[in-house]
Structures are given as structure tokens and as C-alpha cells.
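Report on the structure given below.
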Amino acid sequence: MLLYDRERHEKLSDERWDEGRARAAIERIVADTHRGFDEKKLWPLHPFDRSPERPPDSLKPIYYGAAGVIWALNYLGEANAITPGRDYLPTLRELIARHRDDIRKYEDVRKYMGGELSSYLLGETGILLLRWKLEPSEDLARQLYAAIEARIGDPRGLAWGAAGTMLVALFMHEQTGESRWKDLFLRNFEALWDRWEYVDELRCHLWTHDLYGVTEKRLGAIHGFAANVVPLIRGRHLLPRDRQDEMLRRVHETILATALSDGGYTNWPNNVGPATRSKALRLVVQHCNGAPGVINCLAEFPEDPRWPIKALLQAGGELIWDAGPPTKFPSLCHGAAGSGYAFLKLYARTHDDNWLDRARRFAMHAIDQADGWLEKYGQRKYSLWTGDLGLAVYLRDCIDANAQFPTIDAF
6 MLLYDRERHE KLSDERWDEG RARAAIERIV ADTHRGFDEK KLWPLHPFDR
56 SPERPPDSLK PIYYGAAGVI WALNYLGEAN AITPGRDYLP TLRELIARHR
106 DDIRKYEDVR KYMGGELSSY LLGETGILLL RWKLEPSEDL ARQLYAAIEA
156 RIGDPRGLAW GAAGTMLVAL FMHEQTGESR WKDLFLRNFE ALWDRWEYVD
206 ELRCHLWTHD LYGVTEKRLG AIHGFAANVV PLIRGRHLLP RDRQDEMLRR
256 VHETILATAL SDGGYTNWPN NVGPATRSKA LRLVVQHCNG APGVINCLAE
306 FPEDPRWPIK ALLQAGGELI WDAGPPTKFP SLCHGAAGSG YAFLKLYART
356 HDDNWLDRAR RFAMHAIDQA DGWLEKYGQR KYSLWTGDLG LAVYLRDCID
406 ANAQFPTIDA F
């Protein structure tokens, strides 16, 4: 059985782990980020990011815009990976107004983003959470509450749907201990639970996703099943015991029923069952779709003999290693950094140093990839999920052997 497209991957470099080289790469990325900033233009768009549904000057959300860059710089600063630089808080305060101005000015942006203001990674909620973290206030908390409430029941995953805003509710509950955030999380949980349906022909529970004009049952870590179960697993301690057990049973049931396994390797398709998509997608191995994202999203699934999952996740890890780094930019979403986090997750779960070594080998390769893209295009890709800043965070987490995926496990 062909579990992935080999043309989408490249041979891993022979370079062994070099912490000094990783630190130097972080410093270069951060220095270029400070130099590339303009108060009016923010960070320049990369050629990859130019499309009709995006503004022509700069991007603002957490996923691929200025808020994600500021998040990464703050994260690296808190980890003592960089020395303090420019204060970007004044810029952060303006991002929501500038994001709304983009929607007002550009018709294609309005069509794509106009109804998504409350989404986590691509809307305003992630920006609000970052502002609250850096300068907490009750006014920002009320805005966050309203944004989370607006996504209740939306099954479209982390980027657009309730799964993303449920993570925000969890972050706020962890930071404040206030019951309102727990109550809001549980309201979200019940609404998402009600839309989680058993599919007879697939013998498991799945959500139906209507996204980008396609209706299908997605499995991926951004828009699909894996994305939706992240907050359920992370917030399971807030659930009654019987509901927690049933949730874990369903997750286990579905991840086994949809797995494609052969010769000690396992991968997961983009979607299963009937779909309105005109052409089936190829199997890929990256965070947004495939084994890396499934591992990154399910790594905190508890060890329990009723629902064994360890061997399946490790088979996914073996597939990632066999495939090698994706040929794309080494980003969190669809590149070597996102795939590498799966190794960090398996290291945290198994305490097997082999997984940490593999994560660090991917890190060395990713540095070479990023340097190559920089030489080709003459500029950095200033983005958390799709660019150099996500790579810098991954390099730091490889140094610390930290398996917390940015903006999902840590904020």
C-alpha cells in the first residue's frame, strides 16, 4: 500500500545535531525579523502569500500574519532564547482595526474573511488572546468571551471553528481559574458533541465539514477530526468521568478505523467517506494532513489498556522518518518543523531518545531548507505557522526537548 507521495519529500541531510548552529539560526531569523519591520507596512509579504483573498500589503492574524510574528518573538523571549528587542505592543494594539480595514477595503478579502472575525488562527480571537496575555484587562476578557461564544458548535477545526476558540477558553481558565471560562468550554463541548455522529459504513464517529465549497469528513489537524479532538483531550479533566470515558473511546475508535497501515508504517488520509470534492487528494505527511498532525494532536491521549494507541502513533512516527522532510518551506503547517514536532511528542510520550534525535535531525535539515528559500527569494517568510518564525520556535523547542506545539499546547 502506498502511504505517501515520495515526490513530496527529500532525502534527510547527514548533518548531526549542533545546538550552536540551531541557536545561531534563531538569532539570524530574529535579527532579520526586527530589521524587516516597518511601523506602517508591518512585515513584507512573501511571494508565497500573495493571493486575491489576502490584502496586498501585510497580513495580521496569528496563523500567517503580524500577530503570529509577535507571538513567536514573545515566546522566544520568555524562553530566554533571544535578548529583548523592539516593543511590538503598540503594533499589536492596532492589528484588529487594521484587519477590519482590510476586510472593508478589499472585496476578495471580505468574501474570504468577512464572516470569520471570531476565528482563532485566522480571525481576531488569537490577536485578542495575545493582547490579553501581554496586557490583561477585563475589557479584553469580555471581548474574548464574546468571540468564543460566537463559534459555539462550529465543527471546522482550529483555524476557523470552535476547536480553536475552545483552546482559548482553556488557556483563559488555566491562567485565571475563573469558572466562566470552564462553563464556556463546556458549552462549546456539548455543542460539538451533538454534531459528532456515528457513521455506519466507516464504523466510527466523525464530523462533517463544509469548507471551501467542499463537504466531506475531514481527518486533519487544522480543519478535521484531529483538530476537533485537541481541545477535548486537553480539557478532559473538566468533563464528568462518564463523558470523558466515552469521548476517549470515540477518539480511539475513529483513529483506528481511519488509519492506513502497512509494514510497520501508518498514515491517515485527508478525508474518508463520500465527499463533494471532484478529485481525491493524495496522501501527505505533514502537520495539516497526515501522520504528523495526528500525532501532534493526539499525543496527550492517556495511556489506558482500554484504548491502546501508543503503537499506532509510533507507526506514524516511523512513517514520518521513512518519508523524510517535506520539500516545502520548513514550516509548522506543512513542512519539516511541523513533522519534527511529532518526534518531540513521541519523545515526551515514550522517553525514547531516538525520537529526540530524529526531531533534532529534522531541525538541522530545516535550517538548510530555510537558508535555501532565503537565498532564492531574497527575504524571510515572516509568519508563525507558515514561515521562519515557526521554525525558530521549533529550533528552540528542540534545544529544550519541549514538545508543546505553538498556539495549540502553549500560548
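The opening residue of the sequence shown carries number 6 in the working numbering; numbering runs sequentially from there.
The beta-carbon is built from N, C-alpha and C at its ideal position, and this holds for glycine as well.
Contact check, residue i vs residue j, beta carbons under 7 Å
{"i": "T259", "j": "W273", "result": "no"}
{"i": "L216", "j": "V277", "result": "no"}
{"i": "K350", "j": "A408", "result": "yes"}
{"i": "S123", "j": "A155", "result": "yes"}
{"i": "A342", "j": "A371", "result": "yes"}
{"i": "R13", "j": "T332", "result": "yes"}
{"i": "Y387", "j": "V74", "result": "yes"}
{"i": "N119", "j": "Y125", "result": "Contrary to the premise, residue 119 reads as Gly rather than Asn in this sequence. Result no, Cβ atoms of G119 and Y125 do not sit closer than 7 Å."}
{"i": "L175", "j": "L139", "result": "no"}
{"i": "L224", "j": "F230", "result": "yes"}
{"i": "L127", "j": "Y203", "result": "no"}
{"i": "Y90", "j": "H51", "result": "In the sequence on display, residue 90 carries Gly and not Tyr. No, they are not a contact pair."}
{"i": "K187", "j": "L243", "result": "yes"}
{"i": "R385", "j": "D54", "result": "no"}
{"i": "D113", "j": "P57", "result": "yes"}
{"i": "W378", "j": "L337", "result": "no"}
{"i": "Q148", "j": "L133", "result": "yes"}
{"i": "T271", "j": "L317", "result": "yes"}
{"i": "H257", "j": "W312", "result": "yes"}
{"i": "A196", "j": "C302", "result": "no"}
{"i": "G162", "j": "A72", "result": "no"}
{"i": "L97", "j": "R136", "result": "yes"}
One or two residues paired with residue i in a DSSP bridge
{"i": "P331", "result": "H14"}
{"i": "K222", "result": "V277"}
{"i": "T271", "result": "S266"}
{"i": "Y203", "result": "H210"}
{"i": "D43", "result": "L47"}
{"i": "P310", "result": "For P310, which the question treats as bridged, DSSP gives no partner whatsoever."}
{"i": "D215", "result": "T220"}
{"i": "A415", "result": "P411"}
Other residues of its chain near residue i: CB distance less than 6 Å, five sequence neighbours each side excluded
{"i": "D159", "result": "G166 and A167"}
{"i": "C403", "result": "A364, R365 and A368"}
{"i": "E83", "result": "none"}
{"i": "L172", "result": "P236"}
{"i": "L64", "result": "G70"}
{"i": "L286", "result": "N275"}
{"i": "H339", "result": "Q291, C293 and K333"}
{"i": "P335", "result": "A341, A342, A371, Q374, A375 and L396"}
{"i": "L189", "result": "I153 and A174"}
{"i": "F416", "result": "F176"}
{"i": "Q180", "result": "none"}
Same chain, Cβ closer than 7 Å to residue i, neighbours up to 5 away in sequence not counted
{"i": "V398", "result": "A77, Y80, L81 and P411"}
{"i": "E129", "result": "I101, H104, L122, S123 and A152"}
{"i": "A1", "result": "The first residue shown for the chain is 6 and the last is 416, placing residue 1 beyond what the model contains."}
{"i": "Y111", "result": "P60"}
{"i": "R200", "result": "G158, P160 and W212"}
{"i": "R282", "result": "V219 and E221"}
{"i": "S266", "result": "A320"}
{"i": "K16", "result": "G329"}
{"i": "G322", "result": "I300, A347, F348, L351 and W360"}
Sequence-distant residues of its chain with Cβ nearer than 8 Å to residue i (five each side left out)
{"i": "I1", "result": "The question about residue 1 has no answer here: the residues shown for the chain are numbered 6 through 416."}
{"i": "D23", "result": "M369"}
{"i": "R239", "result": "L172, L175, E305 and D414"}
{"i": "G268", "result": "none"}
{"i": "D115", "result": "Per the sequence presented here, residue 115 reads as Arg, with Asp not at that position. Taken in chain order, the residues that qualify are I108 and R109."}
{"i": "H210", "result": "W201, E202, Y203, V204, R255, E258 and T259"}
Proximity test, Cβ basis, 7 Å: residue i and chain B
{"i": "E129", "result": "No chain B is present in this structure, which holds just one protein chain."}
Inset, instruction - May I have a chain-ordered list of the alpha helix (DSSP H) segments no shorter than 4 residues that lie completely inside the region 150 to 189? - result: 167 to 181
Inset, instruction - Count the CB pairs spanning the region 34 to 44 and the region 353 to 369 that are closer than 8 Å, and state whether there are at least three. - result: Touching, no, given that fewer than three Cβ pairs across the two stretches are closer than 8 Å.
Inset, instruction - Go through the region 51 to 103 residue by residue and report every complete run of the alpha helix (DSSP H) that reaches 4 residues or more, in order. - result: 71 to 83
Inset, instruction - Indicate whether the contact test is met: 3 or more Cβ pairs, each with one atom in the region 242 to 257 and one in the region 289 to 296, closer than 8 Å. - result: Short answer: they don't touch.
Inset, instruction - Could you pull out every unbroken alpha helix (DSSP H) segment of at least 4 residues lying fully inside the region 343 to 407, listed in chain order? - result: As far as the region 343 to 407 is concerned, its whole alpha helix (DSSP H) runs of at least 4 residues are 358 to 382 and 393 to 405.
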